[in-house]
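Numbering (UniProt numbering), first residue to last: 1 to 81.
For each residue, glycine too, the CB sits at the ideal point set by N, CA and C.
This report concerns only the one structure given below.
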């Protein structure tokens, strides 16, 4: 097998897409904005999610970290000038 045979077989321009690839390449057909924007139940929340409680650990992790206020000290060399 020489290089021309290999390049002829592995050329991406000659490749044929499978049915699965063609199906995945098609965009999802969604309804227009008015149909989805005006629905009251646009997002369904499960009953278990409505009754969920936060643990103490999760609540402590959700608080923002407090950093100490930076203290800027003047350098003695800056005062000599």
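Exercise for the section: Report yes if the C-beta of residue 67 is less than 7 Å from at least one heavy atom of the ligand ZN; otherwise report no. Expected result: In the structure on display, the ligand ZN does not appear, and there are no ligands present to speak of.
Exercise for the section: Could you spell out where the alpha helix (DSSP H) holding residue 47 opens and where it closes? Expected result: Sequence index remark: in the chain shown, residue 47 carries index 47 (1-based). In this chain, the alpha helix (DSSP H) harbouring residue 47 covers 47-50.
Practice task
State the Cα-Cα distance for the pair residue 70 and residue 59, rounded to the nearest angstrom.
Solution key: In the chain shown, residue 70 corresponds to position 70, counting from 1. In the chain shown, residue 59 corresponds to position 59, counting from 1. Straight-line measurement puts the Cα of residue 59 at about 27 Å from the Cα of residue 70.
Exercise for the section: Check residue 62 in the structure and name its three-state DSSP category. Expected result: Translated into the one-based positions of the chain shown, residue 62 becomes position 62. Three-state DSSP puts residue 62 in a helix.
Practice task
Could you check the C-alpha separation between residue 19 and residue 32 for me, to the nearest Å?
Solution key: In the chain shown, residue 19 corresponds to position 19, counting from 1. In the chain shown, residue 32 corresponds to position 32, counting from 1. Looking at the backbone, the Cα of residue 19 and that of residue 32 are separated by about 27 Å.
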